[in-house]
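Reading through the structure tokens given below for one structure.
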């Protein structure tokens, strides 16, 4: 179970990511939570999957119905399609350049899968954002955003996926001060990216080779930058891509276990019991042609999602 780790001024930490399996057989690189740092702002979870080329008959990603509490899920694709279904009755395909944002609140369940037919490749990110105390018991919701703010700055194409930055604000509905930028570096050279000094930030290399403040970064590590920075310098010798995210230090203790974000172990136990009992708070996901996930015993070391 994961607790708050506070920011500590400008730093440069390369936090190793670990490989795990999500759903039936989708290999992912998990950057958060990390044993060295549990939160970046309100961001508490990050999986990077792909790029993978799927055979025409491949089922690709298949994550059966499962519950969430106390958080928002952020789905962002670079290639392929993912079909979302949830217990509110939403059925939504997401494609590259679009955002799916699900707010769990007091409880929701959903499934994720590669549709059939599908394009050959799949590549994307899955984030979780912890909800603050004043919002974590709210009613659940789901939003799809087909268009997001896109900016050109110093040889970079920047898509503001969520939150605020560079004088712009994403239309995505969030409940804490945060930022999330998809950063495309098509031009080779050195680039300066302004930052909000009150936010702590982290950067994940998605594709290519990239240095941050003169230090080479690879896809095998999450670059944690701390807070108090007004800008960072990025450099690339060929086209590259990264995701920059962060926010105001969260200031609340968060426990994360399986698919639940809470404040007390008793809440985890209650959520697990409700899921296994098919309680009304989580509803039912309809249309997914497979079993729903079974909650592990509380306290076991486990794979999330």
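Residue numbers (the numbering used here): 1253 to 1557. Backbone N, C-alpha and C fix where the C-beta goes; we use that ideal spot for every residue, glycine too.
Separation of residue 1435 from residue 1491, as counted between CA atoms:
Roughly 11 Å between the two C-alpha positions.
Please classify residue 1549 as buried or exposed, where buried requires at least 16 neighbouring CB atoms within 10 angstroms.
Result: exposed.
Using the C-alpha atoms, what's the distance from residue 1386 back to residue 1449?
Rounded to whole angstroms, residue 1449 to residue 1386 spans 25 Å at the Cα level.
Anyone know if the C-beta pair for residue 1545 and residue 1318 falls short of 9 Å?
Contact: yes.
C-alpha gap between residue 1428 and residue 1327, whole angstroms
Approximately 18 Å, taken between the alpha carbons.
What residue does the alpha helix (DSSP H) around residue 1527 start on, and which one ends it?
Run containing residue 1527: 1517-1528, per the alpha helix (DSSP H) assignment.
For residue 1271, does the count of other Cβ atoms within 10 angstroms reach 16, so buried, or fall short, so exposed?
In summary, residue 1271 is exposed, with fewer than 16 beta-carbon neighbours lying within 10 Å of its beta-carbon over all protein chains present.
Return the Cβ separation of residue 1320 and residue 1360 in integer angstroms, given the expectation that the two are a contact with Cβ distance under 8 Å.
Contact between residue 1320 and residue 1360 holds, since their C-beta atoms are separated by about 6 Å, short of 8 Å.
DSSP on residue 1502, reduced to helix/strand/coil?
The answer is coil: DSSP assigns residue 1502 none of H, G, I, E or B.
Tell me which same chain residues have a C-beta within less than 6 Å of the C-beta of residue 1463, skipping the five on either side of it?
Counting only Cβ-Cβ distances below 6 Å, and skipping sequence neighbours, we find 1487.
Looking only at C-alpha atoms, which of 1406, 1423, 1547, 1287 sits nearest to residue 1440?
Ranking 1406, 1423, 1547, 1287 by Cα distance to residue 1440 puts 1406 first.
Completely contained beta strand (DSSP E) runs for the stretch 1311-1359, where each covers 3 or more residues:
If we require 3 residues or more, the beta strand (DSSP E) runs fully inside the stretch 1311-1359 come out as 1314-1320, 1323-1331, 1334-1338, 1343-1346, 1351-1355.
Of the residues 1389, 1347, 1368, 1309, which one's Cα is nearest the Cα of residue 1324?
The shortest Cα separation from residue 1324 among 1389, 1347, 1368, 1309 belongs to 1389.
Quick check: the Cα distance between residue 1281 and residue 1419, rounded to an integer number of angstroms?
If I take the Cα positions, the gap works out to 32 Å.
Taking Cβ positions, are residue 1335 and residue 1348 nearer each other than 9 Å?
Not in contact: residue 1335 and residue 1348 (Cβ atoms no closer than 9 Å).
The stretch 1367-1378 in contact with the stretch 1297-1304 per 3-pair CB rule at 8 Å
Segments in contact, yes.
Who are the Cβ neighbours of residue 1465 in its own chain at under 7 Å, not counting the five residues just before and after it?
Within the same chain, residue 1465 has close Cβ partners 1264, 1484, 1485.
Would you call the CB atoms of residue 1535 and residue 1338 closer than 9 Å?
Contact annotation: residue 1535 and residue 1338 have beta-carbon atoms nearer than 9 Å.
Length of the line joining the Cα atoms of residue 1522 and residue 1445:
Across the structure, residue 1522 and residue 1445 are spaced so that their CA atoms are roughly 44 Å apart.
At a threshold of 8 Å, does residue 1295 count as lining the ligand NAD (C-beta to nearest heavy atom)?
The ligand NAD is absent from the structure shown, which contains no ligand whatsoever.
Roughly how many angstroms lie between the CA atoms of residue 1412 and residue 1284, to the nearest whole one?
Going from the Cα of residue 1412 to the Cα of residue 1284 covers about 20 Å.
With distances taken Cα to Cα, identify the nearest neighbour of residue 1297 among 1377, 1539, 1414, 1273.
Out of 1377, 1539, 1414, 1273, 1377 has the C-alpha closest to the C-alpha of residue 1297.
Counting only the same chain and skipping the five closest in sequence on each side, list residues whose C-beta sits under 7 Å from that of residue 1345.
So the qualifying residues of the chain are 1333, 1335, 1367.
Pick from 1468, 1404, 1353, 1443 that is closest to residue 1415, judged by C-alpha positions:
Ranked by how close their Cα comes to the Cα of residue 1415, the residues 1468, 1404, 1353, 1443 have 1353 in first place.
Under the three-state reduction of DSSP, which class applies to residue 1266: helix, strand or coil?
DSSP places residue 1266 in strand when its eight states are reduced to three.
Quick check on this structure: which residue in 1547, 1533, 1551, 1481 has the alpha carbon closest to the alpha carbon of residue 1235?
Nothing can be reported for residue 1235, as the shown portion of the chain is limited to 1253 through 1557.
Cβ shell of residue 1437 (< 6 Å), same chain only, five flanking positions each side left out
So the list reads 1408, 1488, 1492, once near-sequence residues are dropped.
Coarse secondary structure for residue 1543, derived from DSSP in three states
DSSP places residue 1543 in coil when its eight states are reduced to three.
Looking at the secondary structure, which residues open and close the beta strand (DSSP E) in which residue 1433 lies?
Its beta strand (DSSP E) spans residues 1430-1437.
Which one of 1452, 1393, 1530, 1381 has the shortest CA to CA distance from residue 1417?
Per the Cα distances, 1452.
Out of 1295, 1278, 1276, 1262, which one is the CA nearest neighbour of residue 1513?
Distance check between residue 1513 and each of 1295, 1278, 1276, 1262 places 1295 closest, using alpha-carbon atoms only.
Under 8 Å by Cβ, that's how I've got residue 1539 and residue 1343 pegged, so tell me the actual separation to the nearest angstrom.
The C-beta distance from residue 1539 to residue 1343 rounds to 7 Å, short enough to meet the 8 Å contact threshold.
Would you tell me roughly how many angstroms separate the C-alpha atoms of residue 1468 and residue 1422, rounded to the nearest one?
Spanning the two alpha carbons is a distance of roughly 30 Å.
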